[in-house]
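Number of protein chains: 2
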Amino acid sequence: MPKAPLPEAAMTLLREPNPAVISVVMPSGHPMSVATWYLVEDDDTVLVNMDAGRARLRWIEQHPHVSLTALKQDEWYSHLSVRGPVVRWEYDEQRALADIDRLSRHYSGRDFRNRTARRVSAWFEIAHWHGWEID
Amino acid sequence: MPKAPLPEAAMTLLREPNPAVISVVMPSGHPMSVATWYLVEDDDTVLVNMDAGRARLRWIEQHPHVSLTALKQDEWYSHLSVRGPVVRWEYDEQRALADIDRLSRHYSGRDFRNRTARRVSAWFEIAHWHGWEID
Chain W
764 MPKAPLPEAA MTLLREPNPA VISVVMPSGH PMSVATWYLV EDDDTVLVNM DAGRARLRWI
824 EQHPHVSLTA LKQDEWYSHL SVRGPVVRWE YDEQRALADI DRLSRHYSGR DFRNRTARRV
884 SAWFEIAHWH GWEID
Chain X
764 MPKAPLPEAA MTLLREPNPA VISVVMPSGH PMSVATWYLV EDDDTVLVNM DAGRARLRWI
824 EQHPHVSLTA LKQDEWYSHL SVRGPVVRWE YDEQRALADI DRLSRHYSGR DFRNRTARRV
884 SAWFEIAHWH GWEID
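Protein chains in written order, with our numbering: chain W, 764 to 898; chain X, 764 to 898.
Below you can see the structure in the form of C-alpha cells.
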C-alpha cells in the first residue's frame, strides 16, 4: 500500500460523492464495516459524521484507526481505499450539524433533514491508500 | 447488531450481485478494506476469493474474522453488513478457480478470464448482521 499523498486521479475519484464503506475495529479486535458518507477536507483528511448514539463512535474512540473504501458510482471496478488515524473529533452539536450538512450537500445537494440530530464528526488522516483501475 | 439468521429481505439483497467491500484486521491491529466480489453459499456462509499473492490473505489467516458490506446497486442507501469468523479455506488452484468462476458468473455472467491465476477461497460464517433501509 503506497503512502500518501495520492496521485491526482485517485484524489479526483475520492472527491466525488461516491458510495463508500468505513471499517473500524471493535473491542473484540474484529472488524466491522458500514456504508457511509465521507468528504475529503484539507487535501489529506477525510470527514465522516455519525449519530451520537452509534456504537461505532465508541469503538473508533477506543481504536482510532479506520479504513474507507470508495466505489466509483456505476463503475465500481474502479475503487479506492484510504486508511489512517483519527486526528480530530468534533462533538459539539451545532458544529457537527454544519459538518453533516456539508456531507449532505455533497451527496444530495441539500442540508441534512433532521435538525435535532445529535451528531459527532471525526476526521482521519490519509496515511495509506490503494486503488484499482483508477485512470 | 442482530445475530444470524437474516430476515428474507436482507438475504434477498445479499444474494444479488451487489457492489461490496470486505474488511480485515492487519497485524498492526488496524482495519483495512477493499472492494470485493462475494457469494452467499449454504445460506449462512459467504465465499470470497483472492489472488494467492494478496497481503490480505495472510492477514485473514492471522486474524480470521472479517466484515462485509454490500451496497444495493444504484440505490446504496440500502445496505447490509455481515460479519463473522472464517470457517473454511480452499487453497487448491483447480478448486479455487471453480470458486472464482462461480463468483465471476454471478457478477459478469461469464467465467473468470485469467485461467492461470493462483486463487484462494475463504468462506466466513454470517454470525452477525445489520442493515439499513431493507424492505
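Using N, Cα and C, we set each Cβ at its ideal position, and we do this for glycine too.
Looking at the strands, I want to know which residues DSSP matches up with X/Arg882. Bridge partners of X/Arg882: X/Asp814.
What residues in the segment 782-810 of chain W have a beta carbon less than 7 Å from any beta carbon of chain X? For the segment 782-810 of chain W, which is checked against every Cβ of chain X, the residues closer than 7 Å are Pro782, Val784, Ser786, Val787, Val788, Gly792, His793, Pro794, Met795, Ser796, Val797, Ala798.
Hey, how far is the Cα of X/Tyr801 from the Cα of X/Arg882? The alpha-carbon atoms of X/Tyr801 and X/Arg882 are separated by roughly 14 Å.
Please report how far the alpha carbon of X/Gln836 lies from the alpha carbon of W/Asp837, in whole angstroms. So the two alpha carbons sit approximately 8 Å from each other.
Which residues of chain X have a Cβ atom closer than 8 Å to the Cβ of W/Trp747, listed in chain order? Residue coverage of chain W in this structure runs from 764 to 898, which leaves residue 747 of chain W outside it and unanswerable.
Can you tell me where the alpha helix (DSSP H) holding W/Glu779 begins and where it ends? Careful: W/Glu779 lies outside any alpha helix (DSSP H) and carries neither H nor E.
For X/His891, which of helix, strand or coil comes out of DSSP? Strand, per DSSP.
Taking one C-beta from the segment 826-846 of chain W and one from the segment 851-869 of chain X each time, how about it: are there three or more such pairs within less than 8 Å? Touching, no.
What's the gap between the Cα of X/Ala818 and the Cα of X/Leu769? If you take the alpha carbons of X/Ala818 and X/Leu769, they lie about 31 Å apart.
Evaluate X/Ala782 with the Cβ neighbour count: other Cβ atoms within 10 Å of its Cβ, from every protein chain shown; 16 or more gives buried, anything less gives exposed. With the sequence shown as reference, residue 782 of chain X is identified as Pro, and Ala is not the correct amino acid for it. Classification for X/Pro782: buried.
Less than 8 Å between the beta carbons of W/Ser844 and X/Val797, yes or no? At a Cβ-Cβ threshold of 8 Å, W/Ser844 and X/Val797 count as neighbours.
Between W/Gly834 and chain X, is any beta-carbon pair separated by less than 8 Å? Residue identity check: residue 834 of chain W is Leu in the sequence provided, not Gly. Taking Cβ atoms only, chain X reaches closer than 8 Å to W/Leu834, which makes this a yes.
What are the uninterrupted segments assigned as beta strand (DSSP E) that are 3 or more residues long and contained completely in the segment 826-854 of chain W, given in chain order? Those beta strand (DSSP E) runs which fall completely within the segment 826-854 of chain W and span 3+ residues are 828-834, 842-853.
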